[in-house]
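In what follows, a single structure is set out as structure tokens and then discussed.
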Amino acid sequence: MKYPLVIFAIFISPYLFAQNADYIIRNGKIIDGTGNNWQFKNIAIVNNKIIAIGNLKNWKATKEIDVKGLIVAPGFIDVHAHIEGSEVKNPLATNFIYDGVTTVITGNCGGSADNMKTYFDYIDSLGISINVAALMGHNNIRKQVMGTANRHATEEELQKMEAIADKAMKDGAVGMSTGLIYIPGTFAPTNEVVRLAKVVAQNGGVYASHIRNEEDMVAEAVNEAIAIGREAKLPVEISHFKVNGQNNWGRSDETLNLVKNARLEGIDVTIDQYPYTASSTNLGILLPDWVLADGQDSILSRLKNPAIRSKVKAHSIDMITRRGLKHFDYAYVANFKADTNYNGKNIREINLLRGGKDNALAQAETIVQMMELGGAQMVYHGMGDKDVKNIMAYPFNMAASDAGIAVVGVSRPHPRAYGTNARVLGKYVREEKVMSLEEAIRRMTSLPADKFNINQRGLIKEGFIADIVVFDENEVTDMATFENPHQFSKGFKYIFVNGALTIENGLHNGARKGVAIRNNN
Numbered sequence: 008m009k010y011p012l013v014i015f016a017i018f019i020s021p022y023l024f025a026q027n028a029d030y031i032i033r034n035g036k037i038i039d040g041t042g043n044n045w046q047f048k049n050i051a052i053v054n055n056k057i058i059a060i061g062n063l064k065n066w067k068a069t070k071e072i073d074v075k076g077l078i079v080a081p082g083f084i085d086v087h088a089h090i091e092g093s094e095v096k097n098p099l100a101t102n103f104i105y106d107g108v109t110t111v112i113t114g115n116c117g118g119s120a121d122n123m124k125t126y127f128d129y130i131d132s133l134g135i136s137i138n139v140a141a142l143m144g145h146n147n148i149r150k151q152v153m154g155t156a157n158r159h160a161t162e163e164e165l166q167k168m169e170a171i172a173d174k175a176m177k178d179g180a181v182g183m184s185t186g187l188i189y190i191p192g193t194f195a196p197t198n199e200v201v202r203l204a205k206v207v208a209q210n211g212g213v214y215a216s217h218i219r220n221e222e223d224m225v226a227e228a229v230n231e232a233i234a235i236g237r238e239a240k241l242p243v244e245i246s247h248f249k250v251n252g253q254n255n256w257g258r259s260d261e262t263l264n265l266v267k268n269a270r271l272e273g274i275d276v277t278i279d280q281y282p283y284t285a286s287s288t289n290l291g292i293l294l295p296d297w298v299l300a301d302g303q304d305s306i307l308s309r310l311k312n313p314a315i316r317s318k319v320k321a322h323s324i325d326m327i328t329r330r331g332l333k334h335f336d337y338a339y340v341a342n343f344k345a346d347t348n349y350n351g352k353n354i355r356e357i358n359l360l361r362g363g364k365d366n367a368l369a370q371a372e373t374i375v376q377m378m379e380l381g382g383a384q385m386v387y388h389g390m391g392d393k394d395v396k397n398i399m400a401y402p403f404n405m406a407a408s409d410a411g412i413a414v415v416g417v418s419r420p421h422p423r424a425y426g427t428n429a430r431v432l433g434k435y436v437r438e439e440k441v442m443s444l445e446e447a448i449r450r451m452t453s454l455p456a457d458k459f460n461i462n463q464r465g466l467i468k469e470g471f472i473a474d475i476v477v478f479d480e481n482e483v484t485d486m487a488t489f490e491n492p493h494q495f496s497k498g499f500k501y502i503f504v505n506g507a508l509t510i511e512n513g514l515h516n517g518a519r520k521g522v523a524i525r526n527n528n
């Protein structure tokens, strides 16, 4: 009897017998990103991949790095950035890379590039030091179809917006963001967002929202974000989670419970946070939405009308009155292009410099005049320490800078642009012990990678991309302050981006090996 010849094909990993690597990181305390305790192991890197983890006694490398006593972790993923337009100004992305960040997700708060394919191609051609994933901004979608009009979209316009959203997702966006306090997003009803969110869901994306209100109506705004996720059946990320305004301090338990209950319901809701008690956005948020519609010419025309001007100033004064304040001295200028001498000063100080009386009405007039000159980027001191710490303790919370790529010495940016991750690791892990080091690393790495479908990153794992950060847990500290924000974090010794050594002995070596990360749908 003849038996058929059976041939067994056995797959053998090409790395099984490998003994040579480009880099070997030795003697580090590896925190792998899962939340597990650290382990002493070595890491071998070939090209852009981690190819072996273990003793590696017999391995050799072109370059070996002894990191005894240091933490070795996956590169940090900043889930909330705004780098559009700043990439070319500083392609080394030094404020991010010196803070341990190897990947950013940009396109937040409803603002992004108009064309995702063009943007990703631009990132790859430019060559920067960090990886870039991007959300498609709802404000950009709406502007392309109906400008900054203060009205609801027609059915035809909704279909055009859906087509733009679909193309953005197919071109590689990881989801869609909204900025529901910004023009024109503030004019969009919930059902418009749901329509577009359903398109995002069909393409495997995430809905990330700067919610409609972070102050007196913050609970209603959180519920709106959750409702959009429920109806569109997609994951939700609530951006820079906070309770703003002195009169709202202490409400973080209330808002966190809304998130916790949504997760119990089965809705994938997570949050992100910058570890500071001040926010940063534009001067226009101090004005009513309706006055900002239809472009700068329309804004200027309205503000020339004495009756409208009075209503605008009354609106601004009402905002601080509700906070229990008498002055706009919580509002600091980060960048006022019309007069950079205002940078770093608050509205009350600027009003006095301009010869105004020291009262809220005169300060409101100064705000209007600054808006007539093009507006300003601002820093607003309006959150409480206890709420920041309470939110920080929540396990489904990720670190986020809400920043662009900074150019040293230019303007007076929020210090979060330089120090977000170091501040979490130094202040909230080492000093205040809000969470363990392993837990903080999980929230900076595998949690955002899983949330935004960033494959093969976020873990120290064989076969994964070699985005790696090495730092001293006892030294890591944010140095940036509100008075002097242009200061790099300290404590980061070595950083790899796509297998390329980028920070070496604490200094950037000029490597620009970051890539555009496209959603695989």
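If you use the working numbering, the sequence shown corresponds to residues 8 to 528, in order. Using N, Cα and C, we set each Cβ at its ideal position, and we do this for glycine too.
Beta carbon of residue i nearer than 7 Å to that of residue j
i	j	result
Ala226	Tyr214	no
Met385	Leu290	yes
Thr101	Ile137	no
Ile235	Val201	yes
Ile130	Gly411	no
Ile448	Ile38	yes
Leu142	Gly92	no
Ile72	Ala51	no
Glu238	Thr277	no
Ala28	Ala68	yes
Gly82	Ile357	no
Asn55	Ala518	no
Asn491	Ser418	no
His247	Pro196	no
Gly192	Gly186	yes
Leu265	Val229	yes
Range of the contiguous beta strand (DSSP E) that encloses residue i
i	result
Tyr501	499 to 504
Val7	This structure gives no information on residue 7, because the portion of the chain shown stretches from 8 to 528.
Asn62	Looking at the DSSP string, Asn62 is not in any beta strand (DSSP E), and its letter there is neither H nor E.
Ala507	507 to 511
His87	It is not in any beta strand (DSSP E) - His87 carries neither H nor E in the DSSP assignment.
Leu527	Per the sequence shown, the amino acid found at residue 527 is Asn instead of Leu. Counting along the chain, Asn527 falls outside any beta strand (DSSP E), and DSSP gives it neither H nor E.
Range covered by the alpha helix (DSSP H) that runs through residue i
i	result
Pro455	453 to 458
Glu244	Where Glu244 is concerned, there is no enclosing alpha helix (DSSP H), although the beta strand (DSSP E) it sits in stretches over 243 to 245.
Thr197	197 to 209
Gly3	The structure shown does not extend to residue 3, since the chain is modelled only from 8 to 528, so the question has no answer here.
Lys48	From DSSP, Lys48 is part of no alpha helix (DSSP H) but of the beta strand (DSSP E) over 46 to 53.
Ala413	From DSSP, Ala413 is part of no alpha helix (DSSP H); its letter is neither H nor E.
Thr262	259 to 272
Arg419	Run containing Arg419: none; DSSP gives neither H nor E here.
Lys167	162 to 177
Proximal residues to residue i (C-beta, below 6 Å), its chain only, five neighbours per side dropped
i	result
Pro532	Summary: the structure shown does not reach residue 532, with the chain confined to residues 8 through 528, and so no result is reported for it.
Tyr339	Asn353, Val386
Val206	Glu169, Ala172, Asp173
Leu508	none
Gly521	Ile135, Ser136, Ile137, Asn138, Val504
Asp336	Asn353, Arg355
Ser286	Tyr387
Phe194	Asn157
Ala523	Phe127, Ile130, Asp131, Val139
Chain-order list of residues whose beta-carbon lies under 8 Å from that of residue i (same chain, five-residue window excluded)
i	result
Asn255	Glu222, Asp223, Val225
Thr284	His388, Gly389, Met390, Gly391, Asp392, Val395
Ile190	Asn146, Thr155, Gly291, Asp296, Leu299, Ala300
Glu446	Gly42, Pro402
Met378	Leu290, Gly291, Leu294, Ile306, Leu310
Lys9	Because Lys9 sits at a pLDDT of 47, beneath the cut-off of 50, its placement in the model cannot be relied upon, and the following sentence gives the value as read from the coordinates. So the list is empty, once near-sequence residues are dropped.
Cβ neighbours of residue i in the same chain (closer than 7 Å, five flanking residues each side left out)
i	result
Asn65	Gln26
Lys48	Ile37, Ile60, Gly61
Thr41	Arg449, Ser453, Leu466
Arg309	Val298, Ile315
Ala345	Leu380, Gly381
Arg361	Thr373
Leu63	Ile31, Asn49, Ala51
* Asked: Any chance the segment 474 to 481 sits against the segment 298 to 316, with 3 or more Cβ pairs inside 8 Å?
  -> no
* **Segment contact flag, the segment 316 to 330 with the segment 367 to 383, C-beta cutoff 8 Å, min 3 pairs** => yes
* Count the CB pairs spanning the segment 115 to 122 and the segment 141 to 156 that are closer than 8 Å, and state whether there are at least three. => yes
* beta strand (DSSP E) runs contained entirely in the segment 292 to 353, provided each spans 3 or more residues -> 338 to 342
* Asked: So does the segment 388 to 402 actually touch the segment 253 to 260, counting three or more Cβ pairs closer than 8 Å?
  -> yes
* To do: Examine the Cβ distances between the segment 53 to 71 and the segment 88 to 104 and report whether three or more of them are shorter than 8 Å.
  => no
* To do: Would you list, in sequence order, the uninterrupted beta strand (DSSP E) runs of no fewer than 3 residues that lie entirely inside the segment 103 to 152?
  => 108 to 113, 138 to 141
* Determine, using beta-carbon pairs with one atom in the segment 429 to 437 and one in the segment 272 to 287, whether at least three such pairs fall under 8 Å. => yes
* To do: Taking only runs that begin and end inside the segment 347 to 400, name each unbroken alpha helix (DSSP H) of 4 or more residues, in chain order.
  => 354 to 360, 367 to 379, 392 to 399
* Asked: Of all the beta strand (DSSP E) runs that stay within the bounds of the segment 219 to 253, which reach a length of 3 or more residues?
  -> 243 to 245
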